[in-house]
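First the structure, in the form of structure tokens, and then the observations on it.
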Amino acid sequence: MKVPVMAKNKLFINANVYTMDNHQPRAEAIATTGNKIFAVGSNTEILGCGLPQREIINCQGQTLIPGLIDAHSHFLQYGELFFQVDLTQTTDFHQALDQIRAAVENASPGEWITGYGWNKNVWQLGRFPTAADLDAFSPENPILLHGKEGHSIWVNSKAMEIAGVDRHTPDPNNEIMKDTAGNPTGILFEDSRRRIDTLIPSSTPELQEKAIKRAIQESHKLGLVGTQDMSTAKMFSPFPVLQDIYHREGGRGLGFRFWCSITLDMLDAVIDARIRSGFGNEYLRLGGLKQLTDGALGSQTAYMETPYPGTESCGILAIPRDTLKANLKKAAENGICGVVHAIGDRCNREVLEVFEEITRETAHSHNRQNRYFRNRIEHMQCIDPQLLPRVQQLGLISSVQPIHLPGDIATAEQYWPDKLEKTYIFKQIQTAGIPLALGSDVPVETCDPLLGIHAAVTRQRRDGTPEGGWLPAERLQVEDAVRGYTLGAAYASGEEAIKGSLTAGKLADMVLLSQDIFTIEPAGILQTEVTMTVFDGEIVYHA
């Protein structure tokens, strides 16, 4: 590798290096020049590698791994959460009401109150919250609160009044929850949410930039150097603001690596511009067409083969199958891969069938001959194991979020009691030869990769329950979980040649950990800290 003139060179020595590169899995030291890895080897080799004007960083025996990549996020919403009512940590319904009430008291009359993260299952409320729960203290302020699972909203009567939502509102897909008299209760699912979502005053680009930069700063503390954003509508996508930051400040100013999904309302413009999956560079890249096909387990809207216990509902199919196929086929014919949300077992089956049909019908399209064209299923929470060979044969990527698992144990046992052998089957997916990419779905869950790795490896809650892990045969090894956050995530975006492992010539993105998570007891992963994050050859976080 040629050394650039006047490059800023660094030697990271005395490290316990896990490279994720099968050709050289372990090392003691790494040399970087500019934003690239120059050499990987022993302390002696790196100290003698000949780089001039080098800065030496003594890692003091701590564990050095590739920079971590979140393969599934909603990054703008994550950043905005720092400026909204945050209900993600509430464990009691009345605690949540107190937080919302405080926000109303600090707001001007008529000002919208927005928030995120409520979870009726954690509250053990036994029912969905209602508008009536909010109305007593919010007669003048419309309230909109997104559910933790990202598929429902809880609003007050003022918000429904402004949106014109009442008993006469058309609801062909039964997405507006109603009481026995037929009146809306204040809970709206899936597309019906847009009736109120779109009324919230638009956030300015300046506020969105502030939110994104705060999210990047917090992500660096967790060892994250990049993310794959899964927005389903342009209004939720960080891409326009990221373009502005990149054009103004460059990749170093961005300070993060972004792969952004293409939303349906962007698709025609992207096709007209002859843009394909992978357009961009190592800092900012466009991905595939994101499609949302069902709901979630938490709200019992995931699309299932059989009804939820005690109901006649199999969940929600958020987009007709023919429409899904038409959208994905149009994208594929123009070199844009498919990125499809599928949680329920029926949804996963039908999405697989659609991908099979499209693959046959577009097999000879030259636009598919692109290393960035990698179709993927997001979540894959409940899938028949017998379908996995077909998933593997198509080359589909399984993008999963182990961090969901601890909070879903009780919910899955309640609502999917006869489907547990299909639920979060990470090990079977891996054994079938299906590429695994790991992410968080932030802000639905925390984006802390160490917590995601712990969940994948132990299949336990943070208190160590259940003993031995939930469905323990599906536990991953630490190396496999780390690979999912590094090389696996890089493969999912078609970028494994430039990142995802500590290999000479690849981007100099690294994370230093306080403990060797590969050898300690898995419970110790929870006590492990990120002590340094390196992005593009620069130290962006140091504990």
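Residue 220 in our numbering is what sits at position 211 of the sequence shown, and the numbering runs on without skipping anything. Cβ coordinates follow ideal geometry from the N, Cα and C atoms, glycine included.
Spatial neighbours of residue i within its chain, please: C-beta separation below 6 Å, excluding the five flanking residues on both sides.
i	result
R311	The question names Arg, yet the displayed sequence has Ala at residue 311. Cβ within range, chain order: D303, G304, A305, G324, I352, G353.
R202	I162
E184	F198, E199, S201
L154	G124, W127, W163
T72	N25, L522, D525
I328	T302
With 16 as the cutoff for other CB atoms within 10 Å, does residue i come out buried or exposed?
i	result
R285	buried
L535	exposed
N290	exposed
H463	buried
A446	buried
F435	buried
G287	buried
E89	buried
S502	buried
G493	buried
R506	Note that residue 506 is Ala in the sequence shown, not Arg. By the neighbour-count rule (16 or more Cβ atoms within 10 Å), A506 is not buried but exposed.
P444	buried
D457	buried
S322	exposed
Q8	For residue 8 there is no data in the structure shown, the boundaries of the chain being 10 and 552.
Could you tell me whether the Cβ atoms of residue i and residue j are closer together than 8 Å?
i	j	result
E359	R330	yes
G76	G546	no
L96	Q86	no
T178	M186	no
G232	C269	no
F84	D274	no
G235	R257	no
R377	G347	no
E314	R355	yes
I74	V539	no
How long is the line joining the alpha carbons of residue i and residue j, rounded to whole angstroms?
i	j	result
F245	Q69	42 Å
L293	D450	19 Å
P481	T53	42 Å
I271	T537	36 Å
K167	P151	5 Å
T542	D393	39 Å
A24	L301	43 Å
N192	F146	21 Å
D142	G260	46 Å
F248	A441	34 Å
V400	Q437	12 Å
K230	R223	11 Å
L106	P148	15 Å
A282	L276	10 Å
F364	K299	14 Å
L93	A499	In the sequence under discussion, the amino acid at residue 93 is Gln, which differs from the Leu named in the question. Cα to Cα, Q93 sits roughly 32 Å from A499.
P426	K515	46 Å
E342	I367	9 Å
D417	L460	15 Å
G478	Q390	17 Å
A172	N165	11 Å
E488	I46	21 Å
Y27	A48	14 Å
R110	F137	18 Å
F91	T213	16 Å
M15	R63	Only weak support is given to the placement of M15: the predicted model assigns it a pLDDT of 42, under 50, and the value that follows is read from those uncertain coordinates. Spanning the two alpha carbons is a distance of roughly 11 Å.
T320	H32	54 Å
A532	R471	8 Å
L337	K17	44 Å
Y317	P34	46 Å
Among residues of its own chain, excluding the 5 on either side of residue i, which ones have a beta-carbon nearer than 8 Å to its beta-carbon?
i	result
T207	M244
I22	E37, A38, N52, I55, L56, I65, I66, N67, C68
L361	I386, L396, R399, V400, L403, L405
E483	Y433, I434, F435, K436, Q437, R468
A4	As displayed, the chain neither begins before 10 nor continues past 552, which places residue 4 out of reach and without an answer.
S82	T236, Q237, D238, M239, G448, S449, D450, V451, C456
Which residues in the same chain as residue i place their Cβ atom closer than 7 Å to its Cβ, once the five residues preceding and following it in sequence are excluded?
i	result
E158	A305, G307, S308, V453
G264	I225, F544, V549
T139	T194, G195
F527	Y27, V487, E488
I254	E218, G262, L263
What do you reckon, is the C-beta of residue i under 7 Å from a heavy atom of the ligand MG?
i	result
G88	The ligand MG is absent from the structure shown, which contains no ligand whatsoever.
Next item on the list: Within the segment 393-478, note down every full beta strand (DSSP E) run reaching 3 residues or more, in order along the chain.
Entry: When DSSP assignments are scanned along the segment 393-478, the uninterrupted stretches of beta strand (DSSP E) that are 3 or more residues long and fall wholly within it turn out to be 406-409, 445-447.
Next item on the list: Please go through the segment 71-122 and give each complete beta strand (DSSP E) segment of 3 or more residues, from N-terminal end onward.
Entry: Within the segment 71-122, complete beta strand (DSSP E) segments of at least 3 residues are found at 72-75, 77-82, given in chain order.
Notebook entry, point to check: Which parts of the segment 271-331 are runs of the beta strand (DSSP E), unbroken and 3 residues or longer, counting only runs that do not cross its ends?
Noted result: Restricted to the segment 271-331, the beta strand (DSSP E) segments that are unbroken, complete and at least 3 residues in length are 293-301, listed in chain order.
Item checked: Secondary structure, alpha helix (DSSP H): runs of 4+ residues fully inside the segment 340-393 -> Listed in chain order, the complete alpha helix (DSSP H) runs (minimum 4 residues) inside the segment 340-393 are 354-370.
Next item on the list: Please list the segments of the alpha helix (DSSP H) lying wholly inside the segment 144-222, counting only runs of 4 or more residues, in order along the chain.
Entry: Annotation: the segment 144-222 contains the following complete segments of the alpha helix (DSSP H) (minimum length 4 residues), in chain order: 166-172, 203-206.
Check: Unbroken alpha helix (DSSP H) runs of length 4 or more, entirely within the segment 14-65: which are they?
Finding: As far as the segment 14-65 is concerned, its whole alpha helix (DSSP H) runs of at least 4 residues are 52-56.
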